[in-house]
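Undergrad:
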Amino acid sequence: MLGYTEEELIGQPASILFAEEEEVYRVFQFFREPEKAGVIRPQDTIRNRELTYRTKDGRLFPMLFNASVLADEAGNVTGVVAGARDIIDLKLAEVEIRKEKTFSENIIATIPDPLLVLDKDLTIKKENLSFYKVFGTEHERVIGARITDILGDEDGRLSARLIRLLGTEDNIEHFELHYPSEKRGERIFSITARNIIFAEEELLVIRDITERKRTEEALKQSEEETWRLAQETAIIAEIGRIISSTLNIEEVYERFAEEVRKLIPFDRISIALYYPKEGKFTTAYVSRLKVEGRQKGDDYPFAGSTIEEMMSTRSTVFVQTESMEELQNRFPGLLPTFQAGIRSMLSVPLIARGEVIGGLHFRSKRPKAYTEKDVEVAKSIANQIVGAIANALLFSEHKQDKEALMKAYLELKQTQSQLIQAEKAEVIGRLASGVAHEVKNPLAIIVQGIDYLSANVPLDKANVSLILEYMNNAVMRADNITKGLLSFSRAGEIKKMPQNLNSIIESSLLFVKNLLDKYYIKVIKDFGKDILPLNLDKSRMEQVFLNLFLNAIDAMPGGGQIKVSTYNEEIVEKKVSHRAGETAVIAEIEDTGTGIPADIIDKIFDPFFTTKRDKGGTGLGLPIVRNIVEMHDGEIKIENIIDRSGVRVTVWFKS
Amino acid sequence: MKIILRRNKKKRILIIDDEESFTQLVKLNLEASGKYEVMTENKGSLGLVATKQFKPDLILLDLIMPDMGGGELSGQLESDEETKNIPIVFLTAIMTKEEAEARGGIISGHQVIAKPITTEQLIDFIERNIG
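In structure tokens form, the structure reads like this:
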């Protein structure tokens, strides 16, 4: 193998077989200088020492050298037995391995991702430069540290994963890890762990995918946003369609709420509007959760409300709190809402033509239910509906104005006719006064004449007595008319004093007690005990009620019932005598008589109109009654009762 | 005889009213009762003279008269020593009986009677006022 023959080697120093004298010397020195090696031990051998051999033709190659010392019984070294094995193949393999190793180490070194080799205790055995590039100076030295100390593992999931990997055949695993970097914020790592089974090691390749993730997230968000925007646009378009499809604002609200719910979740939605004529806010629409005092038609309390805030800031009010105290300090008006279980409140002002005309309120029981995005959406929804609301308000205002105009027109007409009536009454009054005086004097003469004739004409003469009686009756009737005329003309001369209406009615009833008994008429009194005090001319007012009772009695010759009621009432619709909102004291007299024929009901207040001329009626009773009532700034109405026969007289007094 | 005459002396009533026919009829009717001697005067402005002349026990005085009203005349009568104690009763057509009663039957401190009035009522009234 070395190229030598046996003859050529025998007697040659062993060193010719080796590449270097020095090396041979070192190998054999302990044979030569056993004292240097300490106690000679016959069993001492050289095993597998790698030495470079030199062939006869000078080539060098590695051999694995083994040698044993031969010694005699006394322990003296007598010789060496040596042998060598060709390890050139082994060496070549080793070079290959080294090359591989260098290669892989180069790869490891140049790979841009951090790479770690862990032992079975998850202690870091190797790292690469990229590790430090990624983890920076936060970890100066990682060899010997546990991976969990580096990457953190509060929930133990990382170590569990890695340990499980060690014990399985599955030798590779990918997972993501969120790493709170002190300098760079939270990073997201994709970790590939490979189990190097024979070495009981794990190779970890850590890739920082934060940017990628973020990009992905942003993309996803942008996709979602796009989808949401499309959805939003579609819904807002639908709202627009709803709004333009009908003028019925109630229907608009209903369908609007339904659509809006797809965009902004709520447990309650409401719309409060400002009604400038009444000078107040009113809840115009509510859907879902009921809140006491905040239901449809309820006046919206202005102070401490979100509306108040919106009126002054013209911007959205966004309250999400679990603290009643906090709410009470900021918006005491929202307390009932909070008490109904609402925790998130989003209110958007409804602004039309630059004016805050109301508010759109979203309410959710869920804490922190609304986000800034919801605020934006709510704003655009509010913009969408505000036009419809403004139009509807204008429409209803227009309608109201039209109705008010019509009402005013009718009132004007009525007032005009009343004025004409009053003027007529005044002229009649003045005339009446003069006529009464001018008539009474001749009547006085006739009365005296009748008296004279009664005393001086023989009464036994046919018909004289009868004729005198006729004359007397006629004079009395004429006198009654003059009395009525005078009374009518003097209704203006009244002396008002604080009076109790109930006792005036009582005393008027006393005047007619005999007639009531005579005609079997029952009187039911329903007097309000709390009626407001009135300023009345007692005797004039007694005259009024006396007249009314006499009329009722006349209408019930076969008996019947008179019901007299008094009560306070708030005036809802403006009257001639009262404004809306004023409290009137009302006296009401209902009989069960024959009622007033439809063809004369409009004439009952006309002076001298009477259906009872044969019974001495002058046609001045009701005109006087009305005059007196009007002189007290009151109002009287006489009507047939609708569902039965009888007349109802209603008198409104100014309190 | 003179004493008897004085005892039976009729009460003297002066009626001052611009309605001549009325005054004449009242005079006839009252005098027919046998209790009164009645003088009539149809001009308010002559009322004071007539009163001084006639010296009535009672004056029936119309309120509304063209030349001088009863109100003014009553003032003259009240301020005259000779006539101030003579009771005056206003007799008027400007108010009703009820209105007169509502005022307690008194105007300016004098009784008031509303026209028309029957003789019987008038006598009753006179008797109550000068009885």
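For the record, the sequence lines run as chains A and B.
So the first sequence is residues 1 to 655, counted in my numbering.
So the second sequence is residues 1 to 131, counted in my numbering.
We treat Cβ as the ideally placed atom computed from N, Cα and C, and that holds for glycine.
Short of 8 angstroms in beta carbon distance, which residues of its chain neighbour A/Ile-209, apart from the five on each side in sequence? Order them along the chain.
TA: Walking along the first sequence from the start, residue 209 of chain A turns up at place 209. Excluding residues within five positions, the ones whose Cβ falls inside 8 angstroms are Glu-176, Ile-188, Phe-189 and Ser-190.
Undergrad: Applying the criterion that 16 or more other CB atoms from any shown protein chain within 10 Å of the CB defines a buried residue, is B/Lys-52 buried or exposed?
TA: Position 52 of the second sequence holds residue 52 of chain B. Burial call: exposed.
Undergrad: For A/Leu-118 versus A/Asn-128, is the C-beta distance shorter than 8 angstroms?
TA: For the purposes of this step, residue 118 of chain A is taken as the residue at position 118 of the first sequence. For the purposes of this step, residue 128 of chain A is taken as the residue at position 128 of the first sequence. Their beta carbons are not under 8 angstroms apart, which means A/Leu-118 does not touch A/Asn-128 by this criterion.
Undergrad: Any chance you could list the beta strand (DSSP E) runs of at least 3 consecutive residues sitting entirely within the region 111-155 of chain A, in chain order?
TA: Runs of the beta strand (DSSP E) inside the region 111-155 of chain A: 115-118 and 124-127.
Undergrad: Would A/Glu-626 be called buried (16 or more neighbouring beta carbons within 10 Å of its own) or exposed?
TA: As a working note, residue 626 of chain A is residue 626 in the first sequence. Per the sequence shown, the amino acid found at residue 626 of chain A is Arg instead of Glu. Burial call: buried.
Undergrad: Can you give me the C-alpha to C-alpha distance between A/Ile-628 and A/Asp-537, rounded to a whole angstrom?
TA: Position 628 of the first sequence, counting from 1, holds the residue named residue 628 of chain A. Position 537 of the first sequence, counting from 1, holds the residue named residue 537 of chain A. When rounded, the distance between both Cα atoms is 9 angstroms.
Undergrad: Going along chain A in order, which residues have a C-beta closer than 7 angstroms to the C-beta of B/Glu-19?
TA: Counting from one through the second sequence, the residue named residue 19 of chain B turns up at place 19. Result: Asn-441 and Ile-445.
Undergrad: In terms of residues, what are the limits of the beta strand (DSSP E) holding A/Phe-362?
TA: Walking along the first sequence from the start, residue 362 of chain A turns up at place 362. Its beta strand (DSSP E) spans residues 355-364.
Undergrad: Please check the pair B/Ala-100 and A/Lys-440, which I expect to be a contact at CB under 8 angstroms, by giving their CB distance rounded to whole angstroms.
TA: Numbered from 1 along the second sequence, position 100 holds the residue referred to as residue 100 of chain B. Numbered from 1 along the first sequence, position 440 holds the residue referred to as residue 440 of chain A. B/Ala-100 to A/Lys-440, Cβ: 12 angstroms. No contact.
Undergrad: Counting beta carbon pairs with one atom in the region 524-540 of chain A and one in the region 499-510 of chain A, are three or more of them shorter than 8 angstroms?
TA: In short, these stretches touch, since the Cβ pair count reaches three.
Undergrad: Does the beta carbon of B/Met-65 sit closer than 8 angstroms to a beta carbon anywhere in chain A?
TA: Residue 65 of chain B sits at position 65 when you count from the first residue of the second sequence. B/Met-65 does not count as touching chain A.
Undergrad: Have a look at the DSSP bridge pairing and note the partners of A/Arg-648.
TA: In the first sequence, residue 648 of chain A corresponds to position 648, counting from 1. BP columns for A/Arg-648 point to A/Glu-590 and A/Glu-639.
Undergrad: What three-state label does DSSP hand A/Lys-495 in the structure shown?
TA: For the purposes of this step, residue 495 of chain A is identified with residue 495 of the first sequence, where counting begins at 1. In the structure shown, A/Lys-495 sits in coil (DSSP, three-state: anything other than H, G, I, E or B).
Undergrad: Report the rounded CA-to-CA distance for A/Glu-94 versus A/Leu-151, giving the unit in angstroms.
TA: Within the first sequence, numbered from 1, the residue matching residue 94 of chain A stands at position 94. Within the first sequence, numbered from 1, the residue matching residue 151 of chain A stands at position 151. Using only the alpha carbons, I get a separation of about 37 angstroms.
Undergrad: Is it buried or exposed, A/Ile-197, if we count other Cβ atoms within 10 angstroms and call 16 or more buried?
TA: As a first step, residue 197 of chain A must be located in the first sequence, where it is residue number 197. So A/Ile-197 counts as exposed.
Undergrad: What are the start and end residues of the alpha helix (DSSP H) that includes A/Thr-283?
TA: Looking up residue 283 of chain A in the first sequence gives position 283. First-last for A/Thr-283: 280-288, but that is the beta strand (DSSP E), not the alpha helix (DSSP H).
Undergrad: Can you list, in chain order, the residues of the region 263-278 of chain A whose Cβ is nearer than 9 angstroms to any Cβ on chain B?
TA: Result list empty, no residue passes.
Undergrad: Spell out a yes or no on whether the region 10-18 of chain B and the region 604-616 of chain A are touching, meaning 3 or more CB-CB pairs, one atom from each, closer than 8 angstroms.
TA: Short answer: they don't touch.
Undergrad: Within the continuous beta strand (DSSP E) that includes A/Gly-560, where are the two ends?
TA: Here residue 560 of chain A corresponds to residue number 560 of the first sequence, with the count starting at 1. Segment 560-570, the beta strand (DSSP E) holding A/Gly-560.
Undergrad: Once DSSP output is grouped into helix, strand and coil, what is the label at A/Val-427?
TA: Taking the first residue of the first sequence as position 1, residue 427 of chain A is located at position 427. The answer is helix: DSSP assigns A/Val-427 an H, G or I state.
Undergrad: Tell me which same chain residues have a C-beta within less than 8 angstroms of the C-beta of A/Tyr-300, skipping the five on either side of it?
TA: Along the first sequence, read from residue 1 onward, the residue named residue 300 of chain A stands at position 300. Only Ala-272, Lys-280, Phe-281, Thr-282, Thr-283, Arg-294 and Ile-307 meet the Cβ criterion.
Undergrad: Use the C-beta contact count for B/Gly-34: other C-beta atoms within 10 angstroms, 16 or more gives buried, fewer gives exposed.
TA: Counting from 1 along the second sequence, the entry for residue 34 of chain B is found at position 34. It counts as exposed.
Undergrad: Can the beta-carbon of A/Asp-591 be found closer than 8 angstroms to that of A/Gly-558?
TA: For this step, residue 591 of chain A is matched to residue 591 along the first sequence. For this step, residue 558 of chain A is matched to residue 558 along the first sequence. Cβ distance not < 8 angstroms, so A/Asp-591 and A/Gly-558 don't count as in contact.
Undergrad: Tell me where the beta strand (DSSP E) around A/Leu-17 begins and ends.
TA: The residue you call residue 17 of chain A lines up with position 17 of the first sequence. Neither: A/Leu-17 is in no beta strand (DSSP E) and is coded neither H nor E.
Undergrad: So is A/Phe-653 buried or exposed if we call it buried at 16+ other beta carbons inside 10 Å?
TA: Walking along the first sequence from the start, residue 653 of chain A turns up at place 653. Burial call: buried.
Undergrad: Taking the beta carbon of A/Thr-316 as the centre, do at least 16 other beta carbons fall within 10 Å, making it buried, or is it exposed?
TA: Indexing the first sequence from 1 puts residue 316 of chain A at position 316. Its Cβ being crowded by 16 or more others within 10 Å, A/Thr-316 is buried.
Undergrad: Can you pull the chain A residues whose beta carbon is under 9 angstroms from the beta carbon of B/Ile-94, in chain order?
TA: Working through the second sequence from its first residue, we reach residue 94 of chain B at position 94. Near B/Ile-94 (Cβ distances below 9 angstroms), the residues of chain A are Ser-433, Ala-436, His-437, Lys-440 and Leu-486.
Undergrad: Under 6 angstroms Cβ to Cβ from B/Ile-107, same chain only, skipping five residues before and after it: list those, please.
TA: Within the second sequence, the letter at position 107 stands for residue 107 of chain B. Around B/Ile-107: Phe-90.
Undergrad: Can you have a look at A/Gln-312 and say buried or exposed, based on whether 16 or more other CB atoms are within 10 angstroms of its CB?
TA: Position 312 of the first sequence holds residue 312 of chain A. Gln is not the amino acid found at residue 312 of chain A; the sequence shown has Ser there. By the neighbour-count rule (16 or more Cβ atoms within 10 Å), A/Ser-312 is not buried but exposed.
Undergrad: May I ask which residues mark the beginning and end of the alpha helix (DSSP H) holding A/Phe-661?
TA: Residue 661 of chain A lies beyond the stretch modelled for chain A, which goes from 1 to 655, so this question has no answer here.
Undergrad: Give the residues of chain B in contact with A/Val-475, contact being defined as C-beta atoms less than 7 angstroms apart.
TA: Sequence index remark: in the first sequence, residue 475 of chain A carries index 475 (1-based). Those are Pro-116, listed as they occur along chain B.
Undergrad: Under 7 angstroms Cβ to Cβ from B/Ser-74, same chain only, skipping five residues before and after it: list those, please.
TA: Here residue 74 of chain B refers to the residue found at position 74 when the second sequence is read from its first residue. The residues are Leu-61, Ile-88, Ser-108 and His-110.
Undergrad: Nearest to A/Ser-287 by alpha carbon, out of A/Glu-278, A/Gln-320, A/Val-319 and A/Glu-250?
TA: Your numbering for residue 287 of chain A matches position 287 in the first sequence. Considering only alpha carbons, the answer is A/Glu-250.
Undergrad: Starting from the C-beta of A/Met-63, find all residues in its chain whose C-beta is less than 8 angstroms away, skip the five residues before and the five after it, and write them out in chain order.
TA: Numbered from 1 along the first sequence, position 63 holds the residue referred to as residue 63 of chain A. These residues qualify, in order along the chain: Glu-50, Leu-51, Thr-52, Tyr-53, Ala-84, Arg-85, Asp-86 and Ile-87.
Undergrad: Shortest alpha-carbon distance to A/Tyr-519 belongs to which of A/Asn-547, A/Asp-554 and A/Lys-529?
TA: Start at 1 with the first residue of the first sequence, and residue 519 of chain A comes out as number 519. With distances taken between Cα atoms, A/Tyr-519 lies closest to A/Asp-554.
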